[in-house]
Amino acid sequence: MHGFVFHKLQEFFLSRADGKSWAAVVANINQRPRAFHVGMIYPDEVFVSLFQSMAAQLNLDPYQAMVAFGRFMAKTLVETGGLLGLIQPGWKTLDVIENTKHLIHSALHSYNPQLQPPDIRCVRLRSNEVAIAYQSPRKLCGVVKGIVMGLADYFGEQVDIHENICMLKKGRLCRINVRLLGVHGESEVGANHEIKEILNHGGDLKLFNLYKGVPISYPALLLKYSENAILIKAPRTQLVAAQAEGVTFMSSPWVDIGLRGRVKGINWQTMSLTLSHIVYAEGQVGQRAAVRIEPGEEVSVIIRSAEQTLTTRLLDISMSGISVESPSSHFFKEDELYQNLELELSLAVKNWDPFLGDLEQRQVELKPTGELLGISSKADRQIMRLVFSDISTKDLATMEQYIMQIQLEVLRDLRERIQ
46 MHGFVFHKLQ EFFLSRADGK SWAAVVANIN QRPRAFHVGM IYPDEVFVSL FQSMAAQLNL
106 DPYQAMVAFG RFMAKTLVET GGLLGLIQPG WKTLDVIENT KHLIHSALHS YNPQLQPPDI
166 RCVRLRSNEV AIAYQSPRKL CGVVKGIVMG LADYFGEQVD IHENICMLKK GRLCRINVRL
226 LGVHGESEVG ANHEIKEILN HGGDLKLFNL YKGVPISYPA LLLKYSENAI LIKAPRTQLV
286 AAQAEGVTFM SSPWVDIGLR GRVKGINWQT MSLTLSHIVY AEGQVGQRAA VRIEPGEEVS
346 VIIRSAEQTL TTRLLDISMS GISVESPSSH FFKEDELYQN LELELSLAVK NWDPFLGDLE
406 QRQVELKPTG ELLGISSKAD RQIMRLVFSD ISTKDLATME QYIMQIQLEV LRDLRERIQ
C-alpha cells in the first residue's frame, strides 16, 4: 500500500479525533514501522491493522469507516489527478469513475513502476450510469463506494450506488453500479419545454436511427407541435430508417439532451414524419464511440472461460466488442462479469473492388480475448455483451473490413427500398 494512503488515513483520523491521539492508533498495531512516509510502499497487512485500530479509536463500524475514509480522500485524488494532467477539464463524477483504471495505473506507475494496483474496471453503460468491477484481496470495496460519494460531493452531483455482488458477502468480486441522479431518464415525462425551445430557434434538428445496426443521421426540420405529437420534415432515407426502427432520436444545438419519439405515421408525399410519446433520451444522441453492426449471416462465437466453453450466436459486432446470445440452459452468472474470456469466431470477408464489385469471399478466423460486460435474459435466451481486452492488429483489420462490407450492403438495401 502506498504511503500516500497512510498519510490521508492520519488526516482523516485527526479530522474526527476530538482530542484522541494518532500515536494511540499506531501503538495498537504490532507491525513496524510506526511512522509512515508519503513516498514509501508498505505491506497491505500493515494498512489493514492500522485501519482497524483507527476505526476502533473512533468507535466506527469498520465498513462505515471505509466508506467515510474514501469520501474524505476523494477531493485530494481529484486535485492530485488534475495537477498530474490525468483528469481533463470538464470531467464530472462519472467521467472520472469511467477512467479510474487509467488514473490509478498512471499515478502509481509514476511513483513505482513495480507496484501492483488493485484490479478495478469501470465501464460506461449509458450516459448517466457507470459499472465498476473491483477485485482485491484487500476487500476495500467500502473505500471505493466512499470515493464515488466524495467525487459526487466535489462536483456537486447526486448519485445512486447499487452493489449487486460483494466480496464481503462471498462474491468473487464487487460489482457496483453508479447512476447519476437529477438527469432525465427513460420515463415518459414529456419534453414540452425542449420542443418549444427548438421551435423558437427555427426548428433545426438532427435525427438518428440505426438501420440493421448502421447509423443513419440527417438534418431535419421541426414543423409543428401539439401536446401529443410533433411533425418533422426529413429526407427519405431517414424516413425509411425511422419506419424500420419504429422510433427515432433527435438532437438540437438548442437543447442539452437528446429526445426520442415513437413513429406514429409517415407521409411520403410531403416527406414528413409524425412522432408521439416524446421523451428524454439518455444524454445527447448520435455520439456512439464505435458503430455496432448486425452480421450478414449466421456467425458462431465460441467463448471459453476457466469453468466452461460455450457456443453462442453473434448478434452484433463493433471494433470494441460484440453481443451474443445463447440458450438460457447454458449461461454465465452475474458474478462472472469482467472475467477474462477467450473468444473464437469466423467472419466471411470479401475482397471488394469499387469498380469490379464483390470478388472472392473467404472465411477469416479471429481469436481475441475479452471481458463479459453485461448479461440480460430474453425469453429462453441469454444476451451477453463482451468488450475486447486484447486483439491483434490483423484481427482488427479483418473486423474493420467486415464492418465496412456490411455497412455497404445495408446502404445498398436502404437505397433499393427508397427507390
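Take 46 as the starting number for the sequence shown in my numbering and just add one per residue.
All C-beta atoms, glycine included, are put in the ideal place defined by N, C-alpha and C.
In the DSSP assignment, what residue or residues form a beta bridge with residue i?
i, result
"residue 260", "255"
"residue 278", "266, 317"
"residue 341", "Per DSSP, none; premise fails for residue 341."
"residue 168", "176"
"residue 410", "391"
"residue 347", "356, 389"
"residue 429", "369, 420"
"residue 292", "307"
Taking the CB atoms as reference points, tell me whether residue i and residue j lie closer together than 8 Å.
i, j, result
"residue 115", "residue 195", "yes"
"residue 54", "residue 96", "yes"
"residue 223", "residue 323", "no"
"residue 220", "residue 208", "yes"
"residue 316", "residue 279", "yes"
"residue 418", "residue 430", "yes"
"residue 70", "residue 102", "yes"
"residue 257", "residue 174", "no"
"residue 363", "residue 336", "yes"
"residue 188", "residue 111", "yes"
"residue 299", "residue 246", "yes"
"residue 414", "residue 391", "no"
"residue 412", "residue 389", "yes"
"residue 243", "residue 297", "yes"
"residue 384", "residue 350", "yes"
"residue 341", "residue 448", "no"
"residue 180", "residue 198", "no"
Helix or strand or just coil, what does DSSP make of residue i?
i, result
"residue 353", "coil"
"residue 437", "coil"
"residue 297", "coil"
"residue 98", "helix"
"residue 325", "strand"
"residue 220", "strand"
"residue 73", "coil"
"residue 463", "helix"
"residue 419", "strand"
"residue 371", "strand"
"residue 272", "coil"
"residue 56", "helix"
"residue 215", "coil"
"residue 361", "strand"
"residue 47", "strand"
"residue 309", "strand"
"residue 226", "coil"
"residue 249", "strand"
"residue 336", "coil"
"residue 86", "strand"
"residue 231", "With a pLDDT of 39 at residue 231, under the threshold of 50, the predicted position of this residue should be treated as unreliable, though the coordinate-derived value follows. Residue state, collapsed to three classes: coil."
Compute the beta-carbon to beta-carbon distance between residue i and residue j, rounded to the nearest angstrom, for a pair I have assumed lies under 8 Å.
i, j, result
"residue 368", "residue 426", "Not quite, the Cβ-Cβ distance comes to about 12 Å (not below 8 Å), so this is no contact."
"residue 290", "residue 318", "That pair is no contact at about 12 Å."
"residue 250", "residue 267", "5 Å"
"residue 92", "residue 51", "7 Å"
"residue 446", "residue 394", "6 Å"
"residue 311", "residue 284", "5 Å"
"residue 304", "residue 270", "No, residue 304 and residue 270 are not in contact; Cβ-Cβ is about 12 Å, not under 8 Å."
"residue 58", "residue 99", "5 Å"
"residue 167", "residue 138", "So it is not a contact: roughly 12 Å between Cβ atoms."
"residue 89", "residue 46", "5 Å"
"residue 74", "residue 60", "Incorrect: roughly 20 Å between the Cβ atoms, too far for contact."
"residue 212", "residue 190", "With 8 Å as the limit, residue 212 and residue 190 do not qualify as a contact, their Cβ atoms being about 13 Å apart."
"residue 348", "residue 355", "5 Å"
"residue 409", "residue 443", "5 Å"
"residue 274", "residue 309", "6 Å"
"residue 320", "residue 293", "7 Å"
So does residue i have its beta carbon nearer than 7 Å to some heavy atom of the ligand GTP?
i, result
"residue 240", "As for the ligand GTP, it is missing from this structure, which has no ligand bound."
Are any of the Cβ atoms in chain B nearer than 8 Å to that of residue i?
i, result
"residue 432", "The structure shown has no chain B; it contains just one protein chain."
Within the stretch 184-213, ranges of the alpha helix (DSSP H) (whole runs, at least 4 residues): 186-200
- prompt: At what residue ranges does the stretch 89-147 contain a whole run of the alpha helix (DSSP H), taking only runs of 4 or more?
  reply: 89-102, 107-128, 138-143
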